[in-house]
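Visitor: Numbering (this note's numbering), first residue to last: 447 to 604. Just so it is clear, CB atoms sit at the ideal spot from N, CA and C, and this is done for glycine as well. Sharing a structure below in structure tokens format, with a few things to ask.
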């Protein structure tokens with residue numbers, strides 16, 4: 447992404463912004479390793495192995511937080527116990543995937559139900575004005591969700 451076209455748009459309290467900056471710095475070192483991903487807020491380990499606890503502890507120690515994607519549910523309790531034993535705080539977010547049937551149900555829902563008059567669907571992109579991106583981030587925060595950087599909201603992050 448051309449930072450001159452879109453200087454970093456970081457949202458949230460100072461601690462969250464600092465976390466995003468540290469994550470971005472570590473990402474410059476890890477970006478070529480397919481075991482990791484970065485969506486603007488935290489480095490994610492996407493290939494959990496026997497060293498998962500060690501890797502997450504190292505990332506969290508450097509950056510302040512770490513994420514494990516694709517960890518089998520059966521391994522979560524043991525991983526959390528290990529990390530908590532090292533003094534880390536843990537939280538858990540379950541992810542559910544759907545295929546073509548889920549996409550069709552979503553399309554049907556959007557087709558069959560109108561939004562209230564004061565709401566509209568807006569797609570963010572590279573040409574979206576900064577105030578619109580900031581409004582989307584504010585909406586996230588109002589719903590208790592920490593927004594990722596503007597580049598991620600715009601679909602430009604890599």
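1) If you follow the alpha helix (DSSP H) that residue 626 is in, where does it begin and where does it stop?
2) Name, in chain order, the residues that DSSP records as bridge partners for residue 516.
3) Return the residue from the list 587, 603, 600, 601 that minimises the CA-CA distance to residue 457.
4) Could you name the residues of the same chain whose beta carbon sits closer than 8 Å to that of residue 618, not counting the 5 residues immediately before and after it, in chain order?
5) For residue 570 and residue 600, which I take to be in contact (beta-carbon distance under 8 Å), what is that distance rounded to the nearest angstrom?
6) Where does the unbroken beta strand (DSSP E) through residue 483 begin, and where does it stop?
7) Rounded to a whole number of angstroms, what is the C-alpha to C-alpha distance between residue 486 and residue 590?
Guide: Let me lay it out:
1) With the chain running from 447 to 604 in the structure shown, residue 626 is simply not present.
2) DSSP lists no partner for residue 516.
3) 587
4) Outside the shown range of the chain (447 to 604) lies residue 618, about which nothing can therefore be said.
5) 5 Å
6) 482-484
7) 17 Å
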